Amino acid sequence: MSIRNSVPQQVEDVLALHRRGFLKSAGLLMASLGSWATEAAAQSATTSQGPGPYPILDFRQVDSWIVIHENNTATFYVGKTDPGQGTGTGFRQLMSDELDIAFDKTTCIMGSTDITVDQIGSGGSTAMERDSWPMRRVAAEARRVLLEMASTRLGVPVDQLTVNNAVITAKSDASKRVSYGELIAGKKFHVTLTGDSIYTVTGKAKTKTVPELKYTGQSLQRDDIPAKVDGTLKWGTGVKLPGMVHARNVKPPYACAKLAAIDESSVKSLPGFIKVINKGNYVAVVCEREEQAIRAARQLKTTWEKPATAPFPTSEKLFDYMRTAPSASPRPSAPAVVGNPDGAFSAAAKTIEAEYEIPFQGHTALGGAHALADPSNGQMTIYSNDMKTYGMRRCVATFLGMPADRVRVVYMAGPQGFGRSAAEDAACEAAWIARDLGRPVRMQWMRDEETAWDTKSPAFFVKMRGALDAAGRLSGYDYLARSCDLNHVGYNEPDTVLIAQLMGARRANPAAGSAAMPSDMYAIPNRKMVGEVVGLPALWETPLRTGNLRDPNGPQATFATESFIDEAAAAAQADPLEFRLNLLQAATGDDSGFRRARSIAVLKAAAKAYGWEPRPSPVRRGTGNILTGRGIAYTFRGLTMVAQIAEVEVNRQTGHVWAKRLVCAHDCGLVVNPDGLRYTVECGALYGLSRALHEEVRFNTEKVTSVDWFSHPTLRHADTPDRIDVVQVNGDPNPNRPDLPPYGAGEAVLKPMLAAIGNAIFDATGVRIRRVPFRPDRVLAALKAAKV
Amino acid sequence: MSKIDLKVNGRSLSVESEPATPLLYILRNEVGLEGPKFGCGLGQCGACTVLINGAAVRSCITPVSAVKGEITTLEGLAPQGKLHPLQQAWIDEQVPQCGFCQNGQILNAKVLLDKTPHPTNAQIRQAMNDTLCRCMSYYRVQTAIKRASKAMAAGSPVAEEGVVA
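Protein chains in written order, with my numbering: chain Z, 1 to 788; chain F, 789 to 953.
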């Protein structure tokens, strides 16, 4: 089968399974649409409490993971989702290798809760690093079992057999052969694996070493792409069910507003109107057609009371607030102290200080939250792009008070949310309304509510102090990070999801987020590091609620730390690359992941690819309108190392910044698909650039005023660099390790980008801007203040 | 509700709709197409783009009654199953991440190449600037446009580098 054909087939497989279940369980397709709603509601109400139709799959069964078909092809079922980085193709590469089957004879089905085991879904760049391992072990075990079956069938000992492309042959007699399909198609493995958890599950077989992997390491084309460009892909936004209706929310116009009145007569006579849904401060309208629901939601007259006190300061005053707000960390930890920082500061030849500010940044997915909920026959099926469908299943079940085995989530393609699609709101809303009406309900958030009310990446205020000794070395370092992250919304939590807050069904106390520590391998002998969480005055029913956005704390903390290292280099009049390398090479010890050696390697690789010439920053400033400079930054995320170099042009008349060139050196261990990794890194780097140049949530003391693509801008085509170089530095210092594991990729790359751009602006202009995003008005004001 | 006649991807059909309903909802819900997406409903992001008589139109802010001409959606670019050179270039350059915006990227690129078969980098950036991508596939989109431009000049899609399977 070709890759082109395999994608629609994958989606079809999932939908076909659904359709079969739908017909079997409800028989609703035969009902006329006129009587449909009442019938469904009646069925729903009278369902007995037997075992539900969607029990959890047993991850200890090989059959839960792999099905071999009569035509000697295989389908892999994995508990992951692929929001767009091509991980599904990567899983196929690894599993094909372990099973010994041709890559193009396989397909991979992901994420639907009733047909795949629970591997959580996606998040944290864990696809290859953590979750590919159980898949590999199960595929290897399936191969081992098939060899045993062939041994019995052919009467040849296992060690006298060889496997090639799913055909097992006797080494000494090529006529003795049998295919996987002939051995097992139409039957089940019935092999039970061992291991306490999905992470440790294993068979008896060993996985292959790196040199034995054939498809792994090849730039095979992603199997999801053809259907995304020819228009055949079925999206979560496009599922149609008989009798389905459309819902839209009516959001409170202010944070913490209290609903005083609804005038239903304002919409009752509108075409297609079905119902106003209301509980507490949650309001939605339902209509037969989508455009009717949009109109009714806009037209519904509601009256709200403002809260007695302001829920938050304005976005302009946010950092004044964060500087002085009391620490609200629920478990205050003692400062992390290394060496004798006080001593380093008292002995310093020079001391530098700086404060950095990173605002709230929105997830602002290109498409808003959305879900279709089907309540037929006492069950609940959710069609969703939730990246953690298994959590959504539990969340919806708990929220509705339904047994989890009556709830399933069918995973569908959707707009990338980078964490938002698991801190998701639409599924509980759609399910709530669907159960109320007894009809399938599609909920879709509009642009203004998504941009204003989606979860936000926490704002950070970071204060740093450094001690330089007489030789210009950074001998001491103080780091205080304050993160505005007290009302952190976790993934698929039934008691923090927005509808639960608005209905008054929320938990009592918020779950605080965190303020990250620096992640570097610099040998700075004396350090003091503190991370504190602060909260806004209002924590609930507010659009300023925080959630995990692609590397949740990394870009903020690293903007501060890697800007500060640059400031220290400038204070020491040292080349910023050499200054970093000296700090890394001032110690010789390393950890088990070789993070020191690999930090040095990525910095050197980036510098080489860029053509870095040593000199201190800033460069001698040009006389024209366009000032050009370069900046470097480095960090790691887990065991993945990244160094970024940006070359920028700053227009001194307008303050406009263009990153003309980016170089990213990236080491994530074993690379499963080099081109797939390269493009994910390219896109991740540009995403970091977007947060460096554009993204910021604005608000007054009543509400968020960022409601569209002008008031919460994003990177655009015009911002794209002329050139992006991705250097894959994988596996250093031992590139030929047969046991080289894959580490995470995707999130690490954006982490140092904010600092790389800030450092490049400093290099070009001599002006240090410690507040992102570097929007033209902000840059121009800084240049003018410095008389540039 | 009134009966409105449309021609979509070469097919004539009529739909029941209020005249003011944005074309997007008619194409998605009444015609059953998934190429055009709801992104903003404000004409800002380009995810809903369709071609009307060859011009790029934001279907989320276009009343269905205002449509005068033939509508082409992403599904209509490959009428006989043979991919448009832009679609082939999109596969060759592995452009999409999530893919939600790519309908708008491809259709706006088509309008660009129809008018300007050999665009410069600056022309590409300018023509595509109002078509947003939150996965940040911009660099790949621009690379693919240049590839398609070359392929269209040569008269056929450029086949480069073996594709497994």
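For each residue, glycine too, the CB sits at the ideal point set by N, CA and C.
Fair warning: this is a prediction, and the values are worked out from it, not measured in the lab.
Using a Cβ-Cβ distance under 9 angstroms, would residue i count as near chain Z?
| i | result |
| --- | --- |
| Ala947 (chain F) | The predicted model places Ala947 (chain F) with a pLDDT of 45, which falls under 50 and marks its position as unreliable; any figure quoted below should be read in that light. By this cut-off, Ala947 (chain F) is not an interface position. |
| Arg935 (chain F) | no |
| Val951 (chain F) | Unreliable placement is indicated for Val951 (chain F), whose pLDDT of 40 sits below 50; the coordinate value is still reported in the next sentence. Chain Z, which has a Cβ nearer than 9 angstroms to the Cβ of Val951 (chain F), makes this yes. |
| Arg799 (chain F) | no |
| Ser925 (chain F) | yes |
| Pro867 (chain F) | no |
| Phe940 (chain F) | Looking at the sequence itself, residue 940 (chain F) is Met, so the reference to Phe does not match. Not one chain Z Cβ lies under 9 angstroms of Met940 (chain F). |
| Glu863 (chain F) | yes |
| Gly842 (chain F) | no |
Are the CB atoms of residue j and residue i within a distance shorter than 9 angstroms?
| i | j | result |
| --- | --- | --- |
| Ala606 (chain Z) | Tyr634 (chain Z) | yes |
| Thr588 (chain Z) | Leu468 (chain Z) | no |
| Leu544 (chain Z) | Val697 (chain Z) | yes |
| Val409 (chain Z) | Ser376 (chain Z) | no |
| Gly236 (chain Z) | Gly414 (chain Z) | yes |
| Tyr491 (chain Z) | Ala423 (chain Z) | yes |
| Gly111 (chain Z) | Gln379 (chain Z) | no |
| Arg652 (chain Z) | Leu754 (chain Z) | no |
| Tyr254 (chain Z) | Lys306 (chain Z) | yes |
| Ile840 (chain F) | Gly827 (chain F) | no |
| Thr87 (chain Z) | Met128 (chain Z) | yes |
| Glu182 (chain Z) | His246 (chain Z) | no |
| Met940 (chain F) | Leu900 (chain F) | no |
Check whether the Cβ of residue i lies closer than 9 angstroms to any Cβ atom in chain F.
| i | result |
| --- | --- |
| Gln585 (chain Z) | no |
| Ser690 (chain Z) | yes |
| Thr680 (chain Z) | yes |
| Gly243 (chain Z) | no |
| Lys268 (chain Z) | no |
| Leu33 (chain Z) | Residue placement at Leu33 (chain Z) cannot be trusted, given a pLDDT of 29 that sits under 50; what the coordinates show is reported in the next sentence. Not an interface residue. |
| Cys683 (chain Z) | yes |
| His717 (chain Z) | yes |
| Phe774 (chain Z) | no |
| Ala296 (chain Z) | no |
| Tyr610 (chain Z) | no |
| Gln85 (chain Z) | yes |
| Met30 (chain Z) | With a pLDDT of 27 at Met30 (chain Z), under the threshold of 50, the modelled position of this residue cannot be trusted; read the value that follows with caution. False, the Cβ-Cβ gap to chain F never drops below 9 angstroms. |
| Glu39 (chain Z) | A caution first: Glu39 (chain Z) carries a pLDDT of 37, below 50, which makes its placement in the model unreliable, though a value can still be read off. Not closer than 9 angstroms to any Cβ of chain F, the Cβ of Glu39 (chain Z) fails to qualify, so no. |
| Trp36 (chain Z) | Annotation note: pLDDT 32 at Trp36 (chain Z) (below 50); position unreliable, coordinate value reported separately. No, its Cβ sits nowhere closer than 9 angstroms to a Cβ of chain F. |
Need the endpoints of the beta strand (DSSP E) that residue i sits in, please.
| i | result |
| --- | --- |
| Glu858 (chain F) | Glu858 to Thr860 |
| Gly466 (chain Z) | Ala459 to Leu468 |
| Glu806 (chain F) | Per DSSP, Glu806 (chain F) belongs to no beta strand (DSSP E) and is neither H nor E. |
| Asn249 (chain Z) | Val245 to Asn249 |
| Phe273 (chain Z) | Phe273 to Lys279 |
| Lys795 (chain F) | Ser790 to Val796 |
| Asn526 (chain Z) | Asn526 to Val534 |
| Ala659 (chain Z) | Val657 to Asp667 |
For the candidate residues the options, whose alpha-carbon lies nearest to that of residue i?
| i | options | result |
| --- | --- | --- |
| Asn896 (chain F) | F:Tyr813, F:Cys921 and F:Lys795 | F:Cys921 |
| Ala844 (chain F) | F:Ala932, F:Ala939 and F:Met916 | F:Met916 |
| Ala835 (chain F) | Z:Asp591, Z:Arg447 and Z:Leu474 | Z:Arg447 |
| Gly513 (chain Z) | Z:Asn553, Z:Phe710 and Z:Pro341 | Z:Asn553 |
| Ala570 (chain Z) | Z:Gly88, Z:Asp763, Z:Ala344 and Z:His246 | Z:Asp763 |
| Cys256 (chain Z) | Z:Leu161, Z:Leu536 and Z:Ala185 | Z:Leu536 |
| Leu213 (chain Z) | Z:Leu318, Z:Val178 and Z:Ser96 | Z:Ser96 |
| Glu98 (chain Z) | Z:Ala756, Z:Thr701, Z:Met412 and Z:Met135 | Z:Met135 |
| Pro776 (chain Z) | Z:Glu649, Z:Gly531, Z:Asn487 and Z:Cys395 | Z:Glu649 |
| Ile632 (chain Z) | Z:Leu581, Z:Asp719 and Z:Trp709 | Z:Leu581 |
| Leu804 (chain Z) | Z:Arg465, Z:Ala470 and Z:Arg473 | For chain Z, the structure presents residues 1 to 788; residue 804 (chain Z) sits outside this window and is missing. |
Where DSSP assigns a beta bridge to residue i, which residues make up the other side?
| i | result |
| --- | --- |
| Trp304 (chain Z) | Z:Leu259 |
| Val704 (chain Z) | Z:Phe699 |
| Ile66 (chain Z) | Z:Phe76 |
| Lys161 (chain Z) | The residue you asked about is not Lys; residue 161 (chain Z) is Leu in the sequence shown. Note: Leu161 (chain Z) sits in a beta bridge opposite Z:Ala170. |
Between which two residues does the alpha helix (DSSP H) holding residue i run?
| i | result |
| --- | --- |
| Glu649 (chain Z) | Where Glu649 (chain Z) is concerned, there is no enclosing alpha helix (DSSP H), although the beta strand (DSSP E) it sits in stretches over Thr640 to Asn651. |
| Val229 (chain Z) | Ile225 to Asp230 |
| Phe579 (chain Z) | Pro576 to Gln585 |
| Asp880 (chain F) | Pro873 to Asp880 |
| Leu318 (chain Z) | Leu318 to Thr324 |
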